[in-house]
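These notes concern the structure reproduced below.
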Amino acid sequence: MLRRILPLVAGLLWASSALAADATLLNVSYDPTRELYADFNKAFAAAYQKETGKSVEIKQSHNGSGASSRSVIDGLQADVVTLALAYDIDAIANKGLLAKDWQKRLPLNASPYTSTIVFLVRKGNPKGIKDWDDLIKPGVQVITPNPKTSGGARWNYLAAWGFAEKKYGSADKAKKFVGDLYQNVPVLDTGARGSTVTFVERGVGDVLLAWENEAFLAQREFGKDKFEIVSPPLSILAEPPVAVVDTVADKKGTRAVAEAYLKYWYTREGQEIAARNSYRPRDPEIAKEYEKSFAKVELFTIDDVFGGWTKAQKDHFAEGGIFDQIYKN
Amino acid sequence: MSMQTGYASSTSELQSYAPAATDAGVAAPAPRREIARSRPVTAPRDARTEPGPVRFIIIALAIAFLSIFVVLPLVVVFASAFSKGISAYIAALAEPEALAAIRLTLLIAAISVTLNLVFGVIAAWAISKFDFTGKTFLITLIDLPFSVSPVISGLVFVLLFGAQGYFGPWLQAHNVHILFAVPGIALATIFVTFPFVARALIPLMQEQGTQEEEAAISLGASGLQTFFRVTLPNIKWGLLYGVLLCNARAMGEFGAVSVVSGHIRGETNTMPLLVEILYNEYQFVASFAIASLLAMLALITLIVKTILERRLDEGQLPNGD
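Read top to bottom, the protein sequences are chains A and B. For the first sequence, the residue numbers in this note's numbering are 1 to 329. For the second sequence, the residue numbers in this note's numbering are 330 to 650.
As structure tokens, this is what we get:
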């Protein structure tokens, strides 16, 4: 019996590794995009095969955006990086792995899909959370990851700051508001998916600050009867950018495929895949088609309010920055 | 009360035993003296001196503790793995990513166990059979992986072989991939599992001493002959024991591997890494299906370990095998 089964198992184990594609790309991405890229890679491989007759296999590596960036800097052979925020790709560019003007090489800040920050609350919204200033009420527990390690958490933080600065009119008051908000945070996970698990599965907290796509995914996975999505009237336009890593793609000779891969995002099919996975599409036509899927939210950009990622990073999240000051107190 | 009856019964045993000894003593005087010397001076104490309720509470506590911390998690793992039926379980294990993870885990275990088997025997041989300066230092070095957090073990390899590390630029220029590839994972695993074989062998080999080897050499055996004909047969059960523990840790290692793996799906994810990834993707059945394989590995390890421990005890008898 065992003698018959063992070769079968061994054969099964090894057989699946025999298939080789004409080209292989490694896409290093951040945590919440797993389902998005599973979809997108399948569609791109089919389209590429149809157009060029060549097969392509895309491998994925997911981690927190900052951790992924760090791995690429340490030598993870990523042909393309698709991270949560421009700063994490800037960090790779600063080490000379890709051109510093990478964000100008593709349209729309090299961000083919966008998202925003919304609130995920428990069924019936027992704490009545409607807008950002409900989050600082006493007794409301807010779940958000650590902005030092998580890209999503930095968007959460900046969205809250942008709201407060607009509502109360000064940076000092915004600092006080964000400080009060983090007083209500019982636990800082290292990544967005970790926070989602804390809120959804461990049942900690009253409201989860989350990527819109992540909130929709949690709702799809666990049912609308358990969680509700609350979109605040004002939030931030989160632009997760994509780029080819020049040094790796040139060394591996995959530049053409890698560029075709990222450009596929800007086609109708690519934009539809984004929309289907609850990322906001950039193409106006597709956006109109999926209009009903996304709440109307007034969106401000990081350039408007914070003067770009480099400045925001330095002011808020660097060692001794504003986040360190408010989280200590 | 029970103490008194216990004492009384052993006293009567004393009395009944004495005439028999005298009878035997007539025929053979020598053993008689021996028997007399080995007689217990005080009556043997009942081993179970604790009152019944205390015994009961202690045993109940131990069982409750074991069930909560060992049995219950195992049950949960298997229950979750089979929560959507056997076909879902098999389908989850037949996924290309799952197969790749199983394959990689087996490969890494094979590499690290083989190398650590060789290194471990050499280290244990050197430490137990020879005297040299720096011996204690060597023992400390062997124990180092036990006392260092696995995350640090992983980070050390990033610092050494990472693109920004000491050897990184040279490796990149020569197109050698260590970090975020199989060699890096193997290195980290070897480092973490290094002590197991050596640690299992050193006490055993020290206890056995060098007499048999000295005898073999004085009879004209070469070094290799001595090792394969004398030393190896003496240590084989201890060696298997070390290999078993080494293998269990090699397959189960998470921290160090996580740091050096790069998490490339279908390529550098081992089974423990895949369990976490699938769990975070809300694929609970798939996650626990892989976890159940690891749990089975643990159970098999436990059973084989028990058998080996029994053989090990027998093996230490002079003529035992």
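A virtual CB, placed ideally from N, CA and C, is assigned to each residue, including glycine. Owing to the predicted nature of the structure, the values given are computational and were not obtained by experimental measurement.
Would you list, in sequence order, the uninterrupted beta strand (DSSP E) runs of no fewer than 3 residues that lie entirely inside the stretch 479-536 of chain B?
none
Does DSSP put Lys59/A in a helix, in a strand, or in coil?
strand
For Trp161/A, write down the residues that DSSP places opposite it in a beta bridge.
Bridge partners of Trp161/A: none, in fact.
What does a CB cutoff of less than 8 Å around His592/B pick up in its chain, not counting 5 residues either side in sequence?
Asn598, Leu602, Ile606
Does the pairing of the stretch 385-393 of chain B with the stretch 555-567 of chain B give three or more beta-carbon distances under 8 Å?
no
Less than 6 Å between C-beta atoms, sequence neighbours within five positions excluded: which residues of the same chain meet that for Gly179/A?
Ile326
So which residues on chain B does His62/A lean against when the C-beta distance must stay under 7 Å?
His592
By a C-beta neighbour count over all protein chains shown, 10 Å radius and 16 as the cutoff for buried, is Ala357/B buried or exposed?
Caution is warranted here: a pLDDT of 42 is assigned to Ala357/B, below 50, making its placement in the model unreliable, and no coordinate value can be reported.
Of all the CB atoms in chain A, is at least one closer than 7 Å to the CB of Leu508/B?
yes
Less than 7 Å separating the beta-carbons of Leu217/A and Val242/A?
no
Please tell me whether Tyr611/B has its Cβ less than 7 Å away from any Cβ of chain A.
yes
Does the Cβ-Cβ distance between Ile229/A and Ala159/A come in under 7 Å?
no
Same chain, Cβ closer than 7 Å to Gln103/A, five either side skipped, listed in chain order
Ala86, Asn109, Ala110, Pro241
Closer than 8 Å between beta carbons: that is the criterion. Which residues of the stretch 70-91 of chain A meet it against chain B?
Ser71, Ile73, Asp74, Gly75, Leu76, Gln77
Ser367/B CB to nearest chain A CB: under 7 Å?
Residue confidence for Ser367/B is low, a pLDDT of 49 falling below 50, so the modelled location carries little weight and cannot support an answer.
Name, please, each residue of chain A whose Cβ falls closer than 9 Å to the Cβ of Ala492/B.
Val72, Ile73, Asp74, Gly75, Leu76, Lys95, Leu97
With DSSP collapsed to three states, give me the class of Val118/A.
strand
Going by the DSSP bridge assignment, what does Ile236/A pair with across the sheet?
Phe300/A
Just curious, the alpha helix (DSSP H) that Thr555/B is in, first and last residue?
552-555
Every unbroken alpha helix (DSSP H) inside the stretch 184-231 of chain A [4 residues or more]
192-200, 212-222
Tell me the DSSP secondary structure of Ile632/B in three-state form.
helix
Since Leu573/B and Lys634/B should fall inside the 8 Å C-beta cutoff, what is the C-beta to C-beta distance between them, to a whole number of angstroms?
6 Å
Taking its Cβ as the centre, do 16 or more other Cβ atoms sit within 10 Å of Ala408/B, making it buried, or is it exposed?
exposed
Along chain A, in chain order, which residues have C-beta atoms closer than 9 Å to that of Val586/B?
In chain order: nothing, as chain A lies at least about 14 Å away.
From the DSSP secondary-structure annotation, give me the bridge partner or partners of Pro284/A.
DSSP lists no partner for Pro284/A.
Report the CB separation of Ser478/B from Gly584/B in whole angstroms; it is logged as a contact under 8 Å.
7 Å
Would you list, in chain order, the members of the stretch 620-644 of chain B that have their beta-carbon closer than 8 Å to a beta-carbon of chain A?
none
May I ask you to verify whether the stretch 421-431 of chain B touches the stretch 487-501 of chain B, counting CB pairs closer than 8 Å and requiring at least 3?
no
Residue interval of the beta strand (DSSP E) (run including Leu26/A):
23-30
Note down, in chain order, all residues in the stretch 110-124 of chain A with a beta-carbon under 9 Å from any beta-carbon belonging to chain B.
none
Buried or exposed by the 16-neighbour rule on C-beta atoms within 10 Å, applied to Glu239/A
buried
Out of curiosity, what's the CA-to-CA distance linking Lys166/A and Gln313/A?
20 Å
Which chain A residues are close to Val487/B, counting only those with a beta carbon under 8 Å from its beta carbon?
Asp74
Considering only the alpha carbon of each residue, which of Leu120/A, Lys95/A, Ser55/A, Gly320/A lies closest to Ala21/A?
Ser55/A
Our contact map puts Ala192/A next to Trp161/A with C-beta atoms below 8 Å; I'd like the distance itself, whole angstroms only.
Contact doesn't hold; Cβ gap of about 18 Å is too wide.
4 or more residues per run - each alpha helix (DSSP H) lying fully within the stretch 76-124 of chain A:
86-94
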